[in-house]
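K.L.:
Numbering that gives the first Met the number 0 puts the sequence shown at residues 0 to 220. The structure follows.
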Amino acid sequence: MLALYLRDVRLGIRAGGGALTGVLFFLAVIATIPFGIGPDLNLLGRIGPAILWIGALLASLLGLDRLFQADREDGSLDQLLLTADRHMLALTVFVKCLAHWTAGVLPLVVAAPLLGLFMNMEAVGIGAAATTLLVGTPAITFIGAAGAAVAVALPRGGLLVSVLVLPLVIPVLIFGVSASYGAVNDPDPFLPPFLILCALTLFLAVIGPVAAALALRSGVD
């Protein structure tokens, strides 16, 4: 499993520009917001956590279609499906999700504090947004694994994956933004939505790989 993780991290960094593509897209989303709403620094600071989360969410969806694509192209996915039982396949998908998150999504979390400065956010808000992104973005990957498994056999499944996954990640977005706002607004709590966000990630860490394993096996059958 460690060898699989390291292999997928290397492939994720090399494929399609890897982390750099996601970070550049994230930067493009953040940079266009002031042109749309005007140069109001106070307004930018207020909506900063939501914009960071939306930008990270959209950037996270970019590479989901490649989650199983390399294995399908070299034939290792078919070999894995033929030899692995249901539990081992789900564990393999879990490891691949961790590798994809490390290579493609973790750089977005690292870049979030710098982009938060562009949005005129307070230091506490930047820290809260980065923390919630660190905890919540794995949930996007786990959900995306199921969508990627459904679309892996399609020649142009990238858009389909985004359409399938986007409605399912709305709860993650809601609680991530709520926790970020709670850190800077006194009446709003930080801990309850943050704990719910953690629970969502843990829940989807189990459900997502299992659903992806079932979708992969059904696609072969």
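For glycine and all other residues, C-beta sits at the position ideal for the given N, C-alpha and C.
Tell me whether P38 sits in a helix, a strand or coil according to DSSP, three-state version.
P.N.:
Locating residue 38 in the sequence shown gives position 39, where the first residue counts as 1. Here P38 sits in coil by DSSP.
K.L.:
Checking 9 angstroms against the spacing of the C-beta atoms, do V276 and G175 come in under that value?
P.N.:
Beyond the ends of the chain as shown, which are 0 and 220, falls residue 276; an answer cannot be given.
K.L.:
Report the option in V22, P33, V171, L81 whose CA atom is closest to the CA atom of A102.
P.N.:
Position 103 of the sequence shown, counting from 1, holds the residue named residue 102. Of V22, P33, V171, L81, the residue nearest in Cα terms is V22.
K.L.:
What residue from V160, S177, A182, A49 has the CA that sits closest to A111's CA?
P.N.:
In the sequence shown, counting from the first residue as 1, residue 111 sits at position 112. Of V160, S177, A182, A49, the residue nearest in Cα terms is A49.
K.L.:
Would you please state the rounded distance, in angstroms, between the beta carbons of V123 and G143? I believe it to be under 8 angstroms.
P.N.:
In the sequence shown, the residue the question calls residue 123 occupies position 124. In the sequence shown, the residue the question calls residue 143 occupies position 144. Not a contact, Cβ separation roughly 30 angstroms.
K.L.:
Does the Cβ of G37 have 16 or more other Cβ atoms within 10 Å, making it buried, or fewer, making it exposed?
P.N.:
The residue labelled residue 37 in the question sits at position 38 within the sequence shown. Exposed, since its Cβ has fewer than 16 Cβ neighbours within 10 Å.
K.L.:
Output the distance between the C-alpha atoms of A69 and A27, rounded to the nearest integer angstrom.
P.N.:
As a first step, residue 69 is located in the sequence shown; it is residue number 70 there, counting from the start. As a first step, residue 27 is located in the sequence shown; it is residue number 28 there, counting from the start. Looking at the two C-alpha atoms, the distance is approximately 27 angstroms.
K.L.:
Check this for me: beta carbons of G146 and L163, under 9 angstroms apart or not?
P.N.:
By one-based count along the sequence shown, residue 146 stands at place 147. By one-based count along the sequence shown, residue 163 stands at place 164. Cβ distance < 9 angstroms, so G146 and L163 count as in contact.
K.L.:
Compare the C-beta of A102 against all C-beta atoms of chain C and say whether one is closer than 9 angstroms.
P.N.:
No chain C is part of this structure, which consists of one protein chain only.
K.L.:
Quick one: is A198 buried, meaning 16 or more other Cβ sit within 10 Å of its Cβ, or exposed?
P.N.:
Along the sequence shown, one-based indexing puts residue 198 at 199. Its Cβ having fewer than 16 others within 10 Å, A198 is exposed.
K.L.:
Taking the beta carbon of S217 as the centre, do at least 16 other beta carbons fall within 10 Å, making it buried, or is it exposed?
P.N.:
The sequence position of residue 217 within the sequence shown is 218, counting from 1. Exposed, because fewer than 16 other Cβ atoms sit within 10 Å of the Cβ of S217.
K.L.:
So what's F189 in DSSP terms, helix, strand or just coil?
P.N.:
Taking the first residue of the sequence shown as 1, we reach residue 189 at position 190. Coil.
K.L.:
Measuring alpha carbon to alpha carbon, tell me which of M0, I125, L88, L51 ends up nearest V205.
P.N.:
For this step, residue 205 is matched to residue 206 along the sequence shown. Out of M0, I125, L88, L51, L88 has the C-alpha closest to the C-alpha of V205.
K.L.:
Over the uninterrupted alpha helix (DSSP H) stretch that includes P112, give me the two end residues.
P.N.:
Locating residue 112 in the sequence shown gives position 113, where the first residue counts as 1. Where P112 is concerned, the enclosing alpha helix (DSSP H) stretches over 105-117.
K.L.:
Would you kindly work out how many angstroms separate the C-alpha atoms of T130 and I195, rounded to a whole number?
P.N.:
For the purposes of this step, residue 130 is taken as residue 131 along the sequence shown, with counting starting at 1. For the purposes of this step, residue 195 is taken as residue 196 along the sequence shown, with counting starting at 1. Roughly 14 angstroms separates the two Cα atoms.
K.L.:
Which residue wins for smallest C-alpha separation from I169, given the options L56, A148, D73, M0?
P.N.:
Against the sequence shown, residue 169 aligns to sequence position 170. Among L56, A148, D73, M0, the Cα nearest to that of I169 is on L56.
K.L.:
Helix or strand or just coil, what does DSSP make of L66?
P.N.:
As a working note, residue 66 is residue 67 in the sequence shown. Coil, per DSSP.
K.L.:
When the Cα of L215 is compared with those of S75, L97, A2, L172, which residue comes out closest?
P.N.:
Residue mapping note: residue 215 aligns to position 216 of the sequence shown, counting from 1. Per the Cα distances, S75.
K.L.:
Buried or exposed for R9, please, with buried defined as at least 16 other CB atoms from any protein chain shown within 10 angstroms of its CB.
P.N.:
The residue given as residue 9 occupies position 10 in the sequence shown. The residue in question, R9, is exposed, as its Cβ has fewer than 16 Cβ neighbours within 10 Å.
K.L.:
Return the CA-CA distance between P192 and E72, expressed in angstroms with no decimal places.
P.N.:
Within the sequence shown, the letter at position 193 stands for residue 192. Within the sequence shown, the letter at position 73 stands for residue 72. Computed Cα separation, rounded: 41 angstroms.
K.L.:
Assuming G115 and G47 form a contact by the criterion Cβ under 8 angstroms, report the distance between their Cβ atoms to the nearest whole angstrom.
P.N.:
Along the sequence shown, one-based indexing puts residue 115 at 116. Along the sequence shown, one-based indexing puts residue 47 at 48. Confirmed, about 6 angstroms.
K.L.:
To the nearest whole angstrom, what separates the beta carbons of M118 and I29, a pair I think is in contact under 8 angstroms?
P.N.:
Here residue 118 corresponds to residue number 119 of the sequence shown, with the count starting at 1. Here residue 29 corresponds to residue number 30 of the sequence shown, with the count starting at 1. Contact flag correct, Cβ pair sits at about 7 angstroms.
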